[in-house]
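Reviewing the structure listed below.
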Amino acid sequence: MAAKCACPDEADNKHDRFLDADQEPRRMLQPIEGYQKLALLTLEKSVESIVFCCPDIVRRAFIAMSNCENPADGLDQNESAAIFLYTMEWEPIEECLYYALNKTLRTENRQRLKSWYSYWKLILSALQKLPSQKPTIWRGVTLDLSQQYEIGKRYV
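Numbering (UniProt numbering), first residue to last: 1 to 156.
Structure, rendered in structure tokens:
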């Protein structure tokens with residue numbers, strides 16, 4: 001029997017990747033813990049445990065590695081390709097790495113993240129090596145979410 005995706009069940013709503021603020025949890029979630037103790041793996045090895053959620057991930061990781069042969073900013077090829085892979089989009093959208101990971105990160109059941117730990121460690125390792133930036137980032141939504149947020153309250 002095939003493994004079931006460790007992503008929470010939701011209605012079949014399709015949202016643009018930059019317009020999905022309505023999917024954010026409304027309360028503080030538990031921290032992600034446990035991945036820190038794992039060894040840093042190659043991208044190829046780190047995606048093996050998420051094939052059930054992203055069936056085409058091995059081929060997509062190969063493509064990412066091929067496009068990141070000479071990375072900048074002090075990243076190695078695996079780190080650069082981990083970021084590249086996160087930005088890739090393919091059909092069906094529900095099987096894209098960014099979609100499946102973001103959906104899993106939003107669940108209150110932190111146990112569902114365990115299969116992502118190796119990839120999570122690799123991409124965080126890469127992101128920590130990048131130079132710090134402090135630009136203003138805007139995020140658009142196609143819905144009126146104002147009733148869901150209290151004025152003056154801080155949301156993380």
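Every residue gets a Cβ at the ideal spot worked out from N, C-alpha and C, and that includes glycine.
Residue span of the alpha helix (DSSP H) that contains residue i, given as start and end
i: Lys-103; result: 97-105
i: Asn-109; result: Counting along the chain, Asn-109 falls outside any alpha helix (DSSP H), and DSSP gives it neither H nor E.
i: Asn-70; result: Taken as a continuous stretch (DSSP letters only), Asn-70 belongs to no alpha helix (DSSP H), as it is neither H nor E.
i: residue 157; result: Since the first residue shown for the chain is 1 and the last is 156, residue 157 is missing from the structure and cannot be characterised.
i: Ser-115; result: Where Ser-115 is concerned, there is no enclosing alpha helix (DSSP H), given that its DSSP letter is neither H nor E.
i: Ser-46; result: 43-46
Close-in-space but distant-in-sequence residues of the same chain around residue i (CB under 7 Å, 5 per side omitted)
i: Gln-30; result: Arg-110
i: Asp-73; result: Lys-129, Leu-130 and Pro-131
i: Tyr-155; result: Tyr-149
Spatial neighbours of residue i in its chain, beta-carbon cut-off 8 Å, leaving aside the 5 residues before and after
i: Cys-54; result: Val-47, Arg-60, Glu-95, Cys-96, Leu-97 and Ala-100
i: Trp-90; result: Asp-56, Arg-60 and Cys-96
C-beta atoms of residue i and residue j nearer than 9 Å
i: Leu-75; j: Ala-39; result: no
i: Thr-42; j: Asn-70; result: no
i: Ser-115; j: Ile-32; result: no
i: Leu-113; j: Leu-105; result: yes
Residues near residue i in its chain [Cβ-Cβ closer than 6 Å; skip 5 each side]
i: Gln-148; result: none
i: Ala-64; result: Ala-81, Phe-84 and Leu-85
Checklist entry - Are the segment 111-121 and the segment 34-48 in contact at 8 Å, needing three or more beta carbon pairs? => result yes
Checklist entry - So does the segment 136-150 actually touch the segment 52-69, counting three or more Cβ pairs closer than 8 Å? => result no
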